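Engineer:
Protein chains: 2
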Amino acid sequence: MIRVAVNGYGTIGKRVAEAVMLQPDMQLIGVGKTSPNAEAIVAQRKGIRIFAPEDSVKKFEESGIRVEGSIQDMVKLADVVVDATPNGVGAEYKPLYESQGKRAVFQGGEKPNVAEVSFSSLCNYDEGIGRKYIRVVSCNTTALLRTICTLSKVGKVEKVRATIIRRAADPKEIKRGPINSLVLDPASVPSHHAKDVNTVLKDLNIITTAVIAPTTLMHVHSLNVTFKEKVSKEDVINVLLNTPRLVMVSSKSKVSSTAEVIETARDLGRARNDIKEVVVFEDSVYVNGNELILTYAVHQESIVVPENVDAIRAMHGIPAEESISTTNKTLGIIGGYLI
Amino acid sequence: MIRVAVNGYGTIGKRVAEAVMLQPDMQLIGVGKTSPNAEAIVAQRKGIRIFAPEDSVKKFEESGIRVEGSIQDMVKLADVVVDATPNGVGAEYKPLYESQGKRAVFQGGEKPNVAEVSFSSLCNYDEGIGRKYIRVVSCNTTALLRTICTLSKVGKVEKVRATIIRRAADPKEIKRGPINSLVLDPASVPSHHAKDVNTVLKDLNIITTAVIAPTTLMHVHSLNVTFKEKVSKEDVINVLLNTPRLVMVSSKSKVSSTAEVIETARDLGRARNDIKEVVVFEDSVYVNGNELILTYAVHQESIVVPENVDAIRAMHGIPAEESISTTNKTLGIIGGYLI
Numbered sequence: 006m007i008r009v010a011v012n013g014y015g016t017i018g019k020r021v022a023e024a025v026m027l028q029p030d031m032q033l034i035g036v037g038k039t040s041p042n043a044e045a046i047v048a049q050r051k052g053i054r055i056f057a058p059e060d061s062v063k064k065f066e067e068s069g070i071r072v073e074g075s076i077q078d079m080v081k082l083a084d085v086v087v088d089a090t091p092n093g094v095g096a097e098y099k100p101l102y103e104s105q106g107k108r109a110v111f112q113g114g115e116k117p118n119v120a121e122v123s124f125s126s127l128c129n130y131d132e133g134i135g136r137k138y139i140r141v142v143s144c145n146t147t148a149l150l151r152t153i154c155t156l157s158k159v160g161k162v163e164k165v166r167a168t169i170i171r172r173a174a175d176p177k178e179i180k181r182g183p184i185n186s187l188v189l190d191p192a193s194v195p196s197h198h199a200k201d202v203n204t205v206l207k208d209l210n211i212i213t214t215a216v217i218a219p220t221t222l223m224h225v226h227s228l229n230v231t232f233k234e235k236v237s238k239e240d241v242i243n244v245l246l247n248t249p250r251l252v253m254v255s256s257k258s259k260v261s262s263t264a265e266v267i268e269t270a271r272d273l274g275r276a277r278n279d280i281k282e283v284v285v286f287e288d289s290v291y292v293n294g295n296e297l298i299l300t301y302a303v304h305q306e307s308i309v310v311p312e313n314v315d316a317i318r319a320m321h322g323i324p325a326e327e328s329i330s331t332t333n334k335t336l337g338i339i340g341g342y343l344i
Numbered sequence: 006m007i008r009v010a011v012n013g014y015g016t017i018g019k020r021v022a023e024a025v026m027l028q029p030d031m032q033l034i035g036v037g038k039t040s041p042n043a044e045a046i047v048a049q050r051k052g053i054r055i056f057a058p059e060d061s062v063k064k065f066e067e068s069g070i071r072v073e074g075s076i077q078d079m080v081k082l083a084d085v086v087v088d089a090t091p092n093g094v095g096a097e098y099k100p101l102y103e104s105q106g107k108r109a110v111f112q113g114g115e116k117p118n119v120a121e122v123s124f125s126s127l128c129n130y131d132e133g134i135g136r137k138y139i140r141v142v143s144c145n146t147t148a149l150l151r152t153i154c155t156l157s158k159v160g161k162v163e164k165v166r167a168t169i170i171r172r173a174a175d176p177k178e179i180k181r182g183p184i185n186s187l188v189l190d191p192a193s194v195p196s197h198h199a200k201d202v203n204t205v206l207k208d209l210n211i212i213t214t215a216v217i218a219p220t221t222l223m224h225v226h227s228l229n230v231t232f233k234e235k236v237s238k239e240d241v242i243n244v245l246l247n248t249p250r251l252v253m254v255s256s257k258s259k260v261s262s263t264a265e266v267i268e269t270a271r272d273l274g275r276a277r278n279d280i281k282e283v284v285v286f287e288d289s290v291y292v293n294g295n296e297l298i299l300t301y302a303v304h305q306e307s308i309v310v311p312e313n314v315d316a317i318r319a320m321h322g323i324p325a326e327e328s329i330s331t332t333n334k335t336l337g338i339i340g341g342y343l344i
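Chains A and B are the protein sequences, given in the same order. Numbers in our numbering are just positions in the first sequence, counted from 1, shifted up by 5. Numbers in our numbering are just positions in the second sequence, counted from 1, shifted up by 5.
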């Protein structure tokens, strides 16, 4: 049993904590939370043990939420901490994890040098084996890497150009914008996503541009891949259909928007309408010679959850195939057509 | 004096009508309108003569709007009709224009075969010379063509790949969506924009993908251009800065979104906050070898207005340079930096 603590219980933290609870080889020690909001109340109802910074304990008690101890106490009880604190805060917590000799998984909002390796299950799982500190790349980078490494099975990838249309805020966020603008993020090229892909695929020729759009549901990537040699559309479709963590929405389903993808997830009974898979629109797959164009959607709230679970196992020396297969099975992650 | 009638008085029609009124060599005969809405009331206040289908006259009179005659009457008085009726309706009106021997300018919502030539001032003005029927391509295609033909001055363009992030609705439209989704438009590749560019640049290797985003202000294009040979960033910037109908927003201005571009237009006193120029984000210009990446914004409501005015002159044999320069001067269209 790997004892896991999750520090930070927001969008990512709560999902990782619940995913950990579903793993046969892991035990959730508890979660670190700084404010006693609705998420904390629900966590308590679910029987999740809550730890809080010492100066926040009073606030929790006033809200009727039981605090099991400090963040330090929680870290002490764990073998590994998944740090899901806000961007940059993970680096501030690292000395605590270090001082107690604990392994830690960080999120993509941290700088790459917070960890020994940046991690993507389908690309470089083995580089995570035995590590003490792993950084799971961000949602957009996770989607890019999953897709690119999957496509690499069709042929050697020469270069990738991508336009990333980012969702502006998560559904729960009420103070972020824009609500009526397209915002270059940033105007300069490349966006940080290409650099982040290069933390895992170090030699890949990739340039990304990113634009924020006023929507909350999913990101969309328009990808242009040049292979070293000619590829066939059939091979591309086959490899995409046969790699769990990527799903396809077929032409027949007539699903061609993020709203319809999310509605399908709701209808399928997916918890919180999460779709942890990259969602490729089959109709968008265009192949001509060595050029491939495709469009896919990325559920920003949940796509990195399986990679966090895998990172914990990689640290503990469990082989890639075993971890990925267990994670997929326990979290209901599929391949093939979404419907 | 070229006598111009504008049939259809919505987003494009009202702008073209006002642009025609500003031309020293044109006279606005009147506009064709089917419903007596706010736009009709304002048109009347501006002294624009309104013509309406015979079965709509009563509705106009009930709204206190004077109707000068039928659409047929209006067409009779004109040398040329600018058809700005909804998509596909222009083709239905064409027999009327034909039967009265009138020239006509159609919009990009019509099929290319509605006219003898699809038109973009900076690409193929001369092909419009002396024509009876010209189709001005749509807003997105106009922006693509202006940009590509301008970039062709830097070097021979080998291929273009573009991701078009479309605004979902115009500011005045209250029944269009989406309000919280990214919608592939369509999922299949290429989107119609590439085909439409090929109605003007027949041999260009271009593929476009389009996604609709929930915003009303402007479209954004992420463009990837491969030249036959190496180009320099300096040459690209220079040609973009020296071609009126394209403007640049500089790094210094810190403008990196459609909202800030529109706010600048408002602050500059541009009527209706229109920006008839393609708005290139200087920071987004990336050149490496023979590859160019850049991002620009497109004001969908007004970008085709100057091309409509030029199309009228091309039909009447007026040379490109003379028309473009007059149109730019009268409509306040600039080159260089927006601010």
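Ideal Cβ placement from N, Cα and C applies to all residues, glycine included. In this text the structure is predicted, and so the values were computed from the model without any measurement.
Restricting to Cα atoms, I'd like to know which of F56(A), V254(A), S123(A), K51(A) is closest to T39(A).
Structural biologist: Position 34 of the first sequence, counted from the start, is the residue given in the question as residue 39(A). Minimum Cα-Cα distance from T39(A) among the listed residues F56(A), V254(A), S123(A), K51(A) corresponds to F56(A).
Engineer: Run down chain B in chain order and give the residues with a C-beta less than 9 Å from the C-beta of Y291(A).
Structural biologist: As a first step, residue 291(A) must be located in the first sequence, where it is residue number 286. Taking a Cβ-Cβ cut-off of 9 Å, the neighbours of Y291(A) in chain B comprise S193, V194, P195, I212, T214, given in sequence order.
Engineer: Check the Cβ of T263(A) against every Cβ in chain B and list those closer than 7 Å, keeping chain order.
Structural biologist: Looking up residue 263(A) in the first sequence gives position 258. Those within 7 Å of T263(A) in chain B are S186, L187.
Engineer: Enumerate, from N- to C-terminal direction, the unbroken alpha helix (DSSP H) stretches of 4 or more residues contained entirely within the segment 122–148 of chain A.
Structural biologist: The alpha helix (DSSP H) runs of length 4 or more contained entirely in the segment 122–148 of chain A are, from start to end of the chain, 126–129.
Engineer: Can you name the residues of chain E whose CB is closer than 8 Å to the CB of N229(A)?
Structural biologist: Although the question refers to chain E, the structure presented lacks it and instead comprises the protein chains A and B.
Engineer: Just mark Q49(A) as buried or exposed, buried being the case when its beta carbon has 16 or more other beta carbons within 10 Å.
Structural biologist: Translated into the one-based positions of the first sequence, residue 49(A) becomes position 44. Flag for Q49(A) reads buried.
Engineer: So with CB distances below 8 Å, who are the chain B contacts of F286(A)?
Structural biologist: Within the first sequence, residue 286(A) is the residue found at index 281, counting from 1. Those within 8 Å of F286(A) in chain B are L189, A192.
Engineer: Return no unless some Cβ of chain A is closer than 7 Å to the Cβ of V225(B).
Structural biologist: Translated into the one-based positions of the second sequence, residue 225(B) becomes position 220. Taking Cβ atoms only, chain A reaches closer than 7 Å to V225(B), which makes this a yes.
Engineer: So, helix, strand or coil for Y14(B), using DSSP?
Structural biologist: Numbered from its first residue, the second sequence carries residue 14(B) at position 9. In the three-state scheme derived from DSSP, where H, G and I count as helix and E and B as strand, Y14(B) is classed as coil.
Engineer: With 7 Å as the threshold, decide whether the Cβ of A270(B) is near any Cβ in chain A.
Structural biologist: For the purposes of this step, residue 270(B) is taken as residue 265 along the second sequence, with counting starting at 1. Answer no: the Cβ-Cβ gap between A270(B) and chain A never drops below 7 Å.
Engineer: Relative to the C-alpha of V110(A), which residue among M320(A), K164(A), A325(A) is closest?
Structural biologist: By 1-based counting over the first sequence, the position of residue 110(A) is 105. It is M320(A) whose Cα lies nearest to the Cα of V110(A).
Engineer: Cβ of V252(A) within 7 Å of Cβ of V260(A)?
Structural biologist: On the first sequence, residue 252(A) is found 247 positions in, with the first residue counted as 1. On the first sequence, residue 260(A) is found 255 positions in, with the first residue counted as 1. No.
Engineer: For M253(B), which three-state DSSP category applies?
Structural biologist: Position 248 of the second sequence, counting from 1, holds the residue named residue 253(B). Strand at M253(B).
Engineer: Thinking C-beta only, is V36(A) closer than 7 Å to V11(A)?
Structural biologist: Locating residue 11(A) in the first sequence gives position 6, counting from the first residue. Locating residue 36(A) in the first sequence gives position 31, counting from the first residue. The answer is yes: Cβ separation under 7 Å.
Engineer: Does the distance from the C-beta atom of R172(A) to that of R250(A) stay below 7 Å?
Structural biologist: Numbered from its first residue, the first sequence carries residue 172(A) at position 167. Numbered from its first residue, the first sequence carries residue 250(A) at position 245. No, the pair does not count as a contact, with Cβ atoms beyond the cut-off.
Engineer: List in chain order: all unbroken alpha helix (DSSP H) runs of 4+ residues lying wholly within the segment 197–240 of chain B.
Structural biologist: Correct list: 197–202.
Engineer: With D190(A) and G113(A) assumed to form a contact (beta carbons below 8 Å), what rounded beta-carbon distance in angstroms separates them?
Structural biologist: The residue you call residue 190(A) lines up with position 185 of the first sequence. The residue you call residue 113(A) lines up with position 108 of the first sequence. D190(A) to G113(A), Cβ: 15 Å. No contact.
Engineer: Report the neighbours of A174(B) on chain A: residues whose CB is nearer than 7 Å to its CB, in chain order.
Structural biologist: As a position in the second sequence, residue 174(B) is number 169, starting the count at 1. In chain order: nothing, as chain A lies at least about 11 Å away.
Engineer: State yes or no: is the beta carbon of T152(A) nearer than 7 Å to at least one beta carbon in chain B?
Structural biologist: By one-based count along the first sequence, residue 152(A) stands at place 147. No, because no Cβ of chain B sits closer than 7 Å to the Cβ of T152(A).
Engineer: Among the residues of its own chain, which have a CB less than 8 Å from the CB of A148(B), if the five just before and after it don't count?
Structural biologist: Taking the first residue of the second sequence as 1, we reach residue 148(B) at position 143. Here the set comprises H224, H226, V283, Y301, V303, I308.
Engineer: Compute the beta-carbon to beta-carbon distance between E115(B) and A96(B), rounded to the nearest angstrom, for a pair I have assumed lies under 8 Å.
Structural biologist: For the purposes of this step, residue 115(B) is taken as the residue at position 110 of the second sequence. For the purposes of this step, residue 96(B) is taken as the residue at position 91 of the second sequence. Yes, E115(B) and A96(B) are in contact; Cβ-Cβ is about 6 Å, under 8 Å.
Engineer: Excluding sequence positions up to five away, which residues of its chain have a Cβ less than 8 Å from the Cβ of R20(B)?
Structural biologist: As a position in the second sequence, residue 20(B) is number 15, starting the count at 1. Correct list, in chain order: R277, D279, E306, S307, V310.
Engineer: Would DSSP call R318(B) helix, strand or coil?
Structural biologist: Reading the second sequence from its first residue, position 313 is the one you call residue 318(B). R318(B) falls in the helix class under three-state DSSP.
Engineer: What are the residues in the segment 295–312 of chain B lying within 9 Å of chain A by C-beta distance?
Structural biologist: Within the segment 295–312 of chain B, those residues whose Cβ lies closer than 9 Å to any Cβ of chain A are, in chain order, E296, I298, L299, T300, A302.
Engineer: Let me know the secondary structure DSSP gives K164(A) once reduced to three states.
Structural biologist: Taking the first residue of the first sequence as 1, we reach residue 164(A) at position 159. Strand at K164(A).
Engineer: Hey, is G341(A) close to the ligand COA, as in C-beta under 6 Å from one of its heavy atoms?
Structural biologist: This structure does not include the ligand COA; it has no bound ligands of any sort.
Engineer: Since T220(A) meets chain B, which of its residues come closer than 7 Å, beta carbon to beta carbon?
Structural biologist: Position 215 of the first sequence, counting from 1, holds the residue named residue 220(A). N185, S186, L187, A218, P219, listed in chain order.
Engineer: On the CB-based measure, 16 or more other CB atoms within 10 Å of its CB, does R318(A) come out buried or exposed?
Structural biologist: Here residue 318(A) refers to the residue found at position 313 of the first sequence. Burial is judged here by how many other beta carbons sit within 10 angstroms of a residue's own beta carbon; R318(A) has at least 16 and is buried.
Engineer: Between the C-alpha atoms of V25(B) and I7(B), what's the straight-line distance to the nearest angstrom?
Structural biologist: Residue numbering aside, residue 25(B) sits at position 20 when the second sequence is read from its first letter. Residue numbering aside, residue 7(B) sits at position 2 when the second sequence is read from its first letter. Taking the straight line joining both Cα atoms gives about 10 Å.
Engineer: Using 7 Å as the threshold, is the C-beta distance between E312(A) and V119(A) below it?
Structural biologist: Reading the first sequence from its first residue, position 307 is the one you call residue 312(A). Reading the first sequence from its first residue, position 114 is the one you call residue 119(A). Not in contact: E312(A) and V119(A) (Cβ atoms no closer than 7 Å).
Engineer: Is the Cβ-Cβ distance between K124(B) and A316(B) less than 7 Å?
Structural biologist: For the purposes of this step, residue 124(B) is taken as residue 119 along the second sequence, with counting starting at 1. For the purposes of this step, residue 316(B) is taken as residue 311 along the second sequence, with counting starting at 1. Per the sequence presented here, residue 124(B) reads as Phe, with Lys not at that position. In this structure, A316(B) lies closer than 7 Å to F124(B) by Cβ.
Engineer: Can you look up L189(A) in the DSSP assignment and give me helix, strand or coil?
Structural biologist: Sequence index remark: in the first sequence, residue 189(A) carries index 184 (1-based). In the structure shown, L189(A) adopts extended strand secondary structure according to DSSP, grouped into three states.
Engineer: Does the beta-carbon of Y342(B) have 16 or more other beta-carbons within 10 angstroms, so that it is buried, or is it exposed?
Structural biologist: Translated into positions along the second sequence, residue 342(B) becomes position 337. Result: exposed.
Engineer: Using 7 Å as the limit for Cβ to Cβ distance, is I170(B) near chain A?
Structural biologist: The residue labelled residue 170(B) in the question sits at position 165 within the second sequence. Yes, contact with chain A.
Engineer: Give me, in chain order, the residues of the same chain whose beta-carbon lies closer than 8 Å to that of K81(A); leave out the 5 immediate sequence neighbours on both sides.
Structural biologist: Residue mapping note: residue 81(A) aligns to position 76 of the first sequence, counting from 1. Q105.
Engineer: Mapping DSSP to helix, strand and coil, what is N293(A)?
Structural biologist: Taking the first residue of the first sequence as 1, we reach residue 293(A) at position 288. Residue state, collapsed to three classes: strand.
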